[in-house]
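The next block holds one structure in the form of structure tokens; read it before the comments.
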Amino acid sequence: MGCIFCEIAEKKRQARIIYEDDLTVAFEDINPQAPVHALVVPKKHISTSLELTDEDNALIGHIFQVANRIARTKGIAERGFRLVMNCNPEAGQTVFHIHLHILGGRFMQWPPG
Ligand code: AMP
Ligand code: ZN
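Anchor point for the sequence shown: position 89 equals 89 in the numbering used here, and the numbering is continuous, going up by one each time.
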């Protein structure tokens, strides 16, 4: 079975890419849940956050730095934004290649649904 986020990272599937470097790609979510909704994805395939190893520690830090950069670029950093990584079905994970959601541009409820 193919992985859609590997395909986007490899440019085999189209996406609205907003940032890219050696380790990550970030793109607009196809079904946005807020005025700003982007995903930061490592180019390395990791199916869920439970599969992270010590080898990935720097990568995870880098994913957060990329999210901060996008929040600033999109003008939501000071207002506030939410970073979410869903793990496994009950949390709502539907794509099994880890991704950090960046959501902003509207008031966020807590607790999440
Ligand atoms: P999750 O439910 O946390 O696994 O998040 C998966 C996210 O990927 C959802 O918000 C989807 O809207 C988004 N998504 C699925 N396919 C694509 C795609 N081809 N391009 C952009 N976003 C996608
Ligand atoms: Zn993948």
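Cβ atoms here follow ideal geometry from the backbone N, Cα and C, with glycine treated the same way.
Margin query: Contact defined as beta carbons within less than 8 Å: I believe residue 47 pairs with residue 96. What is the distance between those atoms, to the nearest angstrom?
Written below: Yes, residue 47 and residue 96 are in contact; Cβ-Cβ is about 4 Å, under 8 Å.
Next item on the list: Compare the C-alpha of residue 13 against each of 88, 58, 34 and 30 and name the closest.
Entry: 30
Notebook entry, point to check: With respect to the beta strand (DSSP E) encompassing residue 27, which residues constitute its N-terminal and C-terminal limits?
Noted result: 24–28
Item checked: Residue nearest to residue 71 in terms of C-alpha spacing, selected from 99, 50 and 37 -> 37
Note to self: Taking its Cβ as the centre, do 16 or more other Cβ atoms sit within 10 Å of residue 24, making it buried, or is it exposed?
What the structure shows: By the neighbour-count rule (16 or more Cβ atoms within 10 Å), residue 24 is buried.
Check: In terms of DSSP beta bridges, what is residue 20 paired with?
Finding: 25
Check: Starting from residue 59 and walking both ways along the alpha helix (DSSP H), at which residues does that stretch end?
Finding: 57–73
Margin query: Here's a check: name, in chain order, each residue in its chain whose Cβ is nearer than 8 Å to the Cβ of residue 85, leaving out the five neighbours to either side.
Written below: 49, 98, 99, 100 and 101
Margin query: Can you tell me which residues fall inside 7 Å of the ligand HEM, judged by beta-carbon distance to its nearest heavy atom, and keep chain order?
Written below: You won't find the ligand HEM in this model; what it holds is the ligand AMP and the ligand ZN.
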